Amino acid sequence: MKNYDVVIVGAGPVGLATAIGLKACGIDNFMVVDQAREFRRVGQVIDLLPNGLKALRALDNGAYEAVKQSGFDFSHQTRDSQDQKTAKWVQRNFQGEEIQSFPLSYDTWLADYGEGRVSIPWYDLQTTLRQKLSPEQVQANHRCVNLSKETATGTIRLDFLSNTAKGINPYAHWSTQPEPSPASESQPEASTSLRAKLVVAADGINSTIRRLLYQNTPYEILGEPDYSGFAGIYCLQIEDNLPDELKTEIQEKFLQQDRLVTVTTQKVNSIKDLRIVIFGVKNSWRYFIHLPIEQEKLAGKTSEDLVGLVLEALTQDDFPEAIKQLVTFSVRSQMKSRLFYIHRATLDDSLKFPDTTNLKPCLAQQLPWSRGRVVLVGDAAHGMPPFLAQGANQGLEDALVISTLIARLINSNLLSEEEAIADIFHTYESLRRPLMEKVQQATLDRTSYYQGEQLTTYQQQVYNRDFHQLKASFV
Numbered sequence: 307m308k309n310y311d312v313v314i315v316g317a318g319p320v321g322l323a324t325a326i327g328l329k330a331c332g333i334d335n336f337m338v339v340d341q342a343r344e345f346r347r348v349g350q351v352i353d354l355l356p357n358g359l360k361a362l363r364a365l366d367n368g369a370y371e372a373v374k375q376s377g378f379d380f381s382h383q384t385r386d387s388q389d390q391k392t393a394k395w396v397q398r399n400f401q402g403e404e405i406q407s408f409p410l411s412y413d414t415w416l417a418d419y420g421e422g423r424v425s426i427p428w429y430d431l432q433t434t435l436r437q438k439l440s441p442e443q444v445q446a447n448h449r450c451v452n453l454s455k456e457t458a459t460g461t462i463r464l465d466f467l468s469n470t471a472k473g474i475n476p477y478a479h480w481s482t483q484p485e486p487s488p489a490s491e492s493q494p495e496a497s498t499s500l501r502a503k504l505v506v507a508a509d510g511i512n513s514t515i516r517r518l519l520y521q522n523t524p525y526e527i528l529g530e531p532d533y534s535g536f537a538g539i540y541c542l543q544i545e546d547n548l549p550d551e552l553k554t555e556i557q558e559k560f561l562q563q564d565r566l567v568t569v570t571t572q573k574v575n576s577i578k579d580l581r582i583v584i585f586g587v588k589n590s591w592r593y594f595i596h597l598p599i600e601q602e603k604l605a606g607k608t609s610e611d612l613v614g615l616v617l618e619a620l621t622q623d624d625f626p627e628a629i630k631q632l633v634t635f636s637v638r639s640q641m642k643s644r645l646f647y648i649h650r651a652t653l654d655d656s657l658k659f660p661d662t663t664n665l666k667p668c669l670a671q672q673l674p675w676s677r678g679r680v681v682l683v684g685d686a687a688h689g690m691p692p693f694l695a696q697g698a699n700q701g702l703e704d705a706l707v708i709s710t711l712i713a714r715l716i717n718s719n720l721l722s723e724e725e726a727i728a729d730i731f732h733t734y735e736s737l738r739r740p741l742m743e744k745v746q747q748a749t750l751d752r753t754s755y756y757q758g759e760q761l762t763t764y765q766q767q768v769y770n771r772d773f774h775q776l777k778a779s780f781v
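Numbers 307 to 781, taken from our numbering, label the letters of the sequence shown in order.
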């Protein structure tokens with residue numbers, strides 16, 4: 307059985323960034339494993355915002371430059387040069403009047419926050435980071451099924467299965483038709499085990515490590531995430547036979563010269579504020595809507611049902627007739643839906659949820675992000691809905707903090723000292739939890755979308771921090 311100082315479970319951006327951070331600090335006795343049979347193109351396009359890019363730069367400048375260039379390359383492929391400089395995301399009311407707008411260009415964010423913003427496909431981000439590590443340090447086809455403490459050796463034993471059937475992540479899944487599995491996935495299952503002094507769980511919101519970590523504790527019920535009360539319905543294509551009059555009204559009143567617009571009820575500071583986002587790209591339109599909805603209402607719904615739910619929500623909030631007519635032309639085969647889940651960063655009442663949520667009761671005052679030699683990072687610790695695009699960015703902040711602290715522990719020859727391990731994990735939580743509570747609250751009530759003091763405060767707290775200074779403070 308192979309022995310490592312650190313095993314990182316999960317080869318997404320957060321797990322890989324953690325490994326890159328260790329490598330940048332001179333640590334090389336680590337392994338990153340992932341349950342995927344192989345690394346293939348999956349996932350959505352994600353936004354890396356100033357705080358995520360700053361964290362990555364403080365973690366490893368080479369990785370930062372490579373990711374930024376990959377994001378630039380993607381933008382060049384999807385937008386013309388002028389659009390890249392002037393593109394913005396506009397929020398409009400029912401009359402088509404601009405409420406506010408957010409620039410999408412890298413340079414504008416750079417001028418405002420000392421770092422830019424790039425959009426990049428999840429797979430491209432994963433690949434770019436993976437290429438910063440040797441192939442031997444990143445292994446796919448390892449689904450963790452158990453971990454156990456080995457007191458005599460001061461290690462954690464991790465047991466894995468390989469060649470297992472591809473499963474669906476119920477907590478981060480869009481309702482689409484399943485793809486046929488390749489013939490190679492019919493290989494017989496095999497098992498293997500690894501030993502590690504420390505385990506970093508970066509295995510996402512459906513974290514196996516989290517469930518195992520919380521077993522037989524007061525937190526066991528929260529090993530799986532809570533339903534946040536929000537869901538998303540996405541239409542990838544509008545029918546070509548859209549009437550000219552309707553097309554003109556949508557274009558001139560709402561999209562105008564922009565390619566991305568949110569039409570909202572403008573219920574200021576309302577957690578039930580309904581928004582529909584319309585994309586207009588080269589005469590091809592699509593939309594998505596985030597709405598509070600009971601979990602049961604989406605169960606087993608057909609594409610026709612999804613269109614009906616969107617129309618019901620728009621009608622209830624008195625949306626303009628043109629918006630509702632646009633929805634009726636949704637291509638049914640291009641409809642998707644998804645429930646949004648959350649691992650709460652705090653169990654107190656500071657997080658405000660809609661009435662449609664389904665929170666599991668827990669008597670504990672707070673959920674620990676570590677236990678013994680195991681620590682949770684990224685979505686495994688604090689996964690949340692994607693409304694503010696902070697999931698990956700907060701995960702990169704976690705990677706910076708935890709990799710720096712672990713490297714300090716290893717370089718100080720303290721891997722055998724459980725008190726020292728508990729100390730760095732406590733430091734990690736004390737640095738990261740307060741901000742995560744604020745980000746989750748902003749995500750849920752979405753007040754940070756509005757102009758004024760709340761927006762400015764959120765931007766200052768999240769985007770404007772100096773991560774090199776932060777790193778120096780706990781080193």
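Every residue, glycine too, gets a C-beta built ideally from N, C-alpha and C. Model, not experiment: these values are computed from the prediction.
Residue 503 is a Cβ neighbour of residue 310, given a cutoff of 9 Å. Beta-carbon to beta-carbon, residue 511 and residue 382 are separated by about 32 Å, too far to satisfy the 8 Å threshold. The Cβ atoms of residue 580 and residue 595 lie closer than 9 Å to each other. By the criterion of a C-beta distance shorter than 6 Å, residue 459 is surrounded by no residue of its chain, once the five residues flanking it on both sides are discounted. Under the 10 Å beta carbon count, residue 347 is surrounded by fewer than 16 other beta carbons and is classified as exposed. Scanning 747, 774, 520 and 452 for the CA closest to the CA of residue 764 turns up 747. With respect to the 9 Å criterion, residue 749 and residue 696 are classified as neighbours on the basis of their beta carbons. The beta carbon of residue 404 sits closer than 8 Å to those of 396, 397 and 398, all from its chain and outside the five residues before and after it, given in chain order.
Exposure of residue 661 is indicated by the presence of fewer than 16 other C-beta atoms within 10 angstroms of its C-beta.
Around the beta carbon of residue 471, a 10 Å sphere encloses fewer than 16 other beta carbons of the protein chains shown; the residue is thus reported as exposed. In this model, residue 356 and residue 363 are separated by some 10 Å (Cα to Cα). The C-alpha of residue 675 is placed about 42 Å away from the C-alpha of residue 621. Non-local beta-carbon contacts of residue 684 in its own chain, meaning distances under 6 Å to residues more than five positions away in sequence, involve 320, 508, 701 and 704 in chain order.
Distance from the CA of residue 617 to the CA of residue 532, rounded to the nearest whole angstrom, comes to 27 Å.
In this chain, the alpha helix (DSSP H) harbouring residue 619 covers 609 to 622. Listed in chain order, the non-local C-beta contacts of residue 561 below 6 Å within the same chain comprise 567 and 586, local neighbours out to five positions each way being set aside. Counting other Cβ atoms within 10 Å of its Cβ, residue 686 reaches 16 or more and is therefore classed as buried.
Contact between the stretch 493 to 500 and the stretch 624 to 639 is not established, with fewer than three Cβ pairs separated by less than 8 Å.
Counted as a single uninterrupted DSSP element, the stretch harbouring residue 629 is not any beta strand (DSSP E) but the alpha helix (DSSP H) occupying residues 627 to 634.
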